[in-house]
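**Student:** Quick note on UniProt numbering: the sequence shown kicks off at 1 and runs consecutively.
My questions will all concern the structure given below.
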Amino acid sequence: MRTLDVGCGSGFLTRHLQGYVVALDQSPSMVALAQRRMPHGVAMRGDALDLPFADDSFDRVFTGHFYGHLPPGERTTFLAEARRVARELVVVDTALQDGHPGEQQQERILNDGSRHHVFKRFLTAEQLASEIGGQPVLTGDWFVAATASR
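In C-alpha cells form, the structure reads like this:
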C-alpha cells in the first residue's frame, strides 16, 4: 500500500499509517519533524493544490486535520488533485460540536512565539462525506472521518 499524507504537519498521524508513506507539507520544519517520526517512507515539501506526482502514483491519499483549513475554492482543487494521484481518499478532521459556529478564524501561537491566523471549519461526518463524494466512517465527539473512492 502506497499512501500520500497531504498536510502531514509534524507527522503525528503519519507515523500510524501502514505501508510505504510519502508525507507532504509546505513547511520545512514540519517536513523535518515528520521525517524523524516516520518508520517507513519519506517526508517532502510540496503544494497540496498542485501535487508533484504523476497520475495514479498512490493507492490512497490521507489527510488529517488539513481539509478543514481549506477555503471553498481550494477544497475543489485539492479534491481533484487527490483523485488524480490516488484511487482512495481518507479525510480525518475536527468534529462540529453543538452550538459551534462551524467555521472561524483562529490565532495559532507556535513554539517560537510567532502568531498565525488560520481559517478552520468544523464538520459532521455526513457533511465531510458529502463534500468529498464518499461515505462517513467515523463520527466521534472530537473527530470525524470519511472515505471516497473513484
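All C-beta atoms in this analysis are idealised placements derived from N, C-alpha and C, irrespective of residue type, glycine included.
Quantities reported herein were computed from a predicted structural model and do not represent experimental measurements.
Using DSSP bridges, identify the partner residues of R87.
**Tutor:** In the sequence shown, counting from the first residue as 1, residue 87 sits at position 87. Beta-bridge pairing by DSSP links R87 to no other residue.
**Student:** For a quick check, are the C-beta atoms of E74 and L49 less than 7 Å apart?
**Tutor:** As a first step, residue 74 must be located in the sequence shown, where it is residue number 74. As a first step, residue 49 must be located in the sequence shown, where it is residue number 49. Yes, the Cβ-Cβ distance between E74 and L49 is below 7 Å.
**Student:** Tell me whether A146 is buried or exposed, calling it buried when 16 or more other Cβ atoms sit within 10 Å of its Cβ.
**Tutor:** Here residue 146 refers to the residue found at position 146 of the sequence shown. Classification for A146: buried.
**Student:** Quick check: F62 and V90, are their CB atoms within less than 7 Å of each other?
**Tutor:** Mapped onto the sequence shown, residue 62 falls at position 62. Mapped onto the sequence shown, residue 90 falls at position 90. Yes, they are a contact pair.
**Student:** Alpha carbon to alpha carbon, what distance is there between V118 and G9?
**Tutor:** Residue numbering aside, residue 9 sits at position 9 when the sequence shown is read from its first letter. Residue numbering aside, residue 118 sits at position 118 when the sequence shown is read from its first letter. Whole-angstrom Cα-Cα distance: 14 Å.
**Student:** Measure the Cβ-Cβ separation of E103 and R121 and say whether it is below 7 Å.
**Tutor:** For this step, residue 103 is matched to residue 103 along the sequence shown. For this step, residue 121 is matched to residue 121 along the sequence shown. Their beta carbons are under 7 Å apart, which means E103 touches R121 by this criterion.
**Student:** On the CB-based measure, 16 or more other CB atoms within 10 Å of its CB, does M1 come out buried or exposed?
**Tutor:** Taking the first residue of the sequence shown as 1, we reach residue 1 at position 1. Under this definition M1 is an exposed residue.
**Student:** Going straight from the alpha carbon of L123 to that of V92, what length do you get?
**Tutor:** The residue given as residue 123 occupies position 123 in the sequence shown. The residue given as residue 92 occupies position 92 in the sequence shown. Computed Cα separation, rounded: 10 Å.
**Student:** Anyone know if the C-beta pair for L33 and V22 falls short of 7 Å?
**Tutor:** Stepping through the sequence shown from its first residue, residue 33 is reached at position 33. Stepping through the sequence shown from its first residue, residue 22 is reached at position 22. Result no, Cβ atoms of L33 and V22 do not sit closer than 7 Å.
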